[in-house]
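Mapped onto my numbering, the consecutive letters of the sequence shown carry residue numbers 601 to 881.
We put the CB at the ideal spot given by N, CA and C, even for glycine.
In what follows, a structure is listed as structure tokens, so that the remarks can point back to it.
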Amino acid sequence: MTARIMNGQETARRIRKQLKEKLQTLQIKPKLAIVLAGHDNSSQIYVRNKQKYASEVGIETQLYAFEDDVSVQTLENLIDVLNDDRSVNGILFQLPLPKHIDAMKLLSKVNPLKDVDGFHPFNMGLLQNGDFDGVIAATPKGVLRLLKQENIDLTGKNALVIGRSNIVGKPMAMLLLAENCTVTIAHSHSENLKLLCAEADVVVSATGCAKMIKKDWIKKGAVIVDVGICRDENGKLCGDVDFDEVCDVASYITPVPGGVGPMTIAMLLENTVEAYLKQNM
Ligand code: GUN
Numbered sequence: 601m602t603a604r605i606m607n608g609q610e611t612a613r614r615i616r617k618q619l620k621e622k623l624q625t626l627q628i629k630p631k632l633a634i635v636l637a638g639h640d641n642s643s644q645i646y647v648r649n650k651q652k653y654a655s656e657v658g659i660e661t662q663l664y665a666f667e668d669d670v671s672v673q674t675l676e677n678l679i680d681v682l683n684d685d686r687s688v689n690g691i692l693f694q695l696p697l698p699k700h701i702d703a704m705k706l707l708s709k710v711n712p713l714k715d716v717d718g719f720h721p722f723n724m725g726l727l728q729n730g731d732f733d734g735v736i737a738a739t740p741k742g743v744l745r746l747l748k749q750e751n752i753d754l755t756g757k758n759a760l761v762i763g764r765s766n767i768v769g770k771p772m773a774m775l776l777l778a779e780n781c782t783v784t785i786a787h788s789h790s791e792n793l794k795l796l797c798a799e800a801d802v803v804v805s806a807t808g809c810a811k812m813i814k815k816d817w818i819k820k821g822a823v824i825v826d827v828g829i830c831r832d833e834n835g836k837l838c839g840d841v842d843f844d845e846v847c848d849v850a851s852y853i854t855p856v857p858g859g860v861g862p863m864t865i866a867m868l869l870e871n872t873v874e875a876y877l878k879q880n881m
């Protein structure tokens, strides 16, 4: 078997094109505030890409950059200003934030209607209730969009989510549960991950361990989604999954790069447009 590749790059391009056309038709220009604290290399690249694609579809961005030692008070004051500013439709704090900041506590101060990342407890709570009227975190939303696009039947399937973060693992598990999967969440303390993998019809991996998931871990015909962004022994970008060999046993697989990454940005842009529309209904 050679797995069908779920091309996130192409799907994301199509979604951005549709968003651009929608914004042109409605003659609106949503505004997204992006907050970046510190000088993390990867975060700077992600933010630059978010700004680039936002601009391409017609979303204005405003970047607020701070040093590593920015105080919680400063960020809370900024949130107050952005919450009150009617011209700002979305507020995004690029994670991770510096260690002295409790990110989830800080993000709970953002107006949930402007929480385009879907990290506010209100939006996470809605998702947990199976209510999709809130904002859904961009990465898991993008993963589900890719699975839906391929018409993959999820009902009754064993889904293994590897990673229990608030921004990927937990919301991903909730989305798969809503699709009637039997969901297992594995994490760094889980025993016998290989055995859990062997039973999974769908694996969504978000560990950041380069090429950890091997061919002999995977059930034949399984659907493999790789959220990891890692570097291999040669410094080349790769995922959690050993793509070349897992391709031989999986039925569907996402590549890294060009899989989940572009979908995350496309879903962020979609969330920003939806936030604008909700705020201006
Ligand atoms: N850092 C890693 N992933 C994300 C994401 O989806 N949103 C934000 N704001 N920061 C991140």
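Taking just the CA atoms, how far does Asn607 sit from Lys705?
35 angstroms
List the whole-angstrom C-beta distance separating Thr683 from Lys652, where the pair is believed to meet the contact cut-off of C-beta under 8 angstroms.
Before going on, a small fix: residue 683 reads as Asn here, not Thr. With a Cβ gap of about 26 angstroms, Asn683 and Lys652 do not count as contacting.
Start and end of the beta strand (DSSP E) containing Glu660?
Glu660 to Phe666
Could you compute how far the alpha carbon of Ile853 sits from the alpha carbon of Arg764?
21 angstroms
For Ile691, which residues of its own chain have a beta-carbon under 6 angstroms away from its beta-carbon, when the five flanking residues on both sides are left out?
Ala633, Leu682, Val710 and Lys714
Would you list the residues sitting across from Ile762 in a DSSP beta bridge?
Ala786 and Ser805
First and last residue of the uninterrupted beta strand (DSSP E) at Gly690:
Gly690 to Phe693
Do you know whose CA, among Val635, Cys781 and Ala810, lies nearest Gly839's CA?
Ala810
Any idea if Lys617 is buried or exposed, counting beta-carbon neighbours within 10 angstroms, 16 or more meaning buried?
exposed
What does DSSP give as the partner residue(s) for Leu595 in the beta ladder?
Outside the shown range of the chain (601 to 881) lies residue 595, about which nothing can therefore be said.
When you compare only the Cα positions, how much space is there between Val827 and Asp669?
30 angstroms
What do you reckon, is the C-beta of Leu695 under 6 angstroms from a heavy atom of ligand 1?
yes
Taking 6 angstroms as the line, does the beta carbon of Leu692 fall inside it for any heavy atom of ligand 1?
yes
Keeping to the same chain, check which residues put their C-beta closer than 6 angstroms to that of Ala665; ignore five residues upstream and five downstream.
Leu636
DSSP bridge partner residues for Ala637 (one or two, in chain order):
Phe666
When burial is assigned at 16 or more other CB atoms within 10 Å of the CB, is Phe732 buried or exposed?
exposed
Local conformation of Leu837 per DSSP, three classes
strand
Contact belief for Val825 with Ser851 at Cβ below 8 angstroms, rounded distance in angstroms
No, Val825 and Ser851 are not in contact; Cβ-Cβ is about 12 angstroms, not under 8 angstroms.
Assign Asn780 to one of two classes, buried (16 or more other C-beta atoms within 10 Å of its C-beta) or exposed (fewer than that).
exposed
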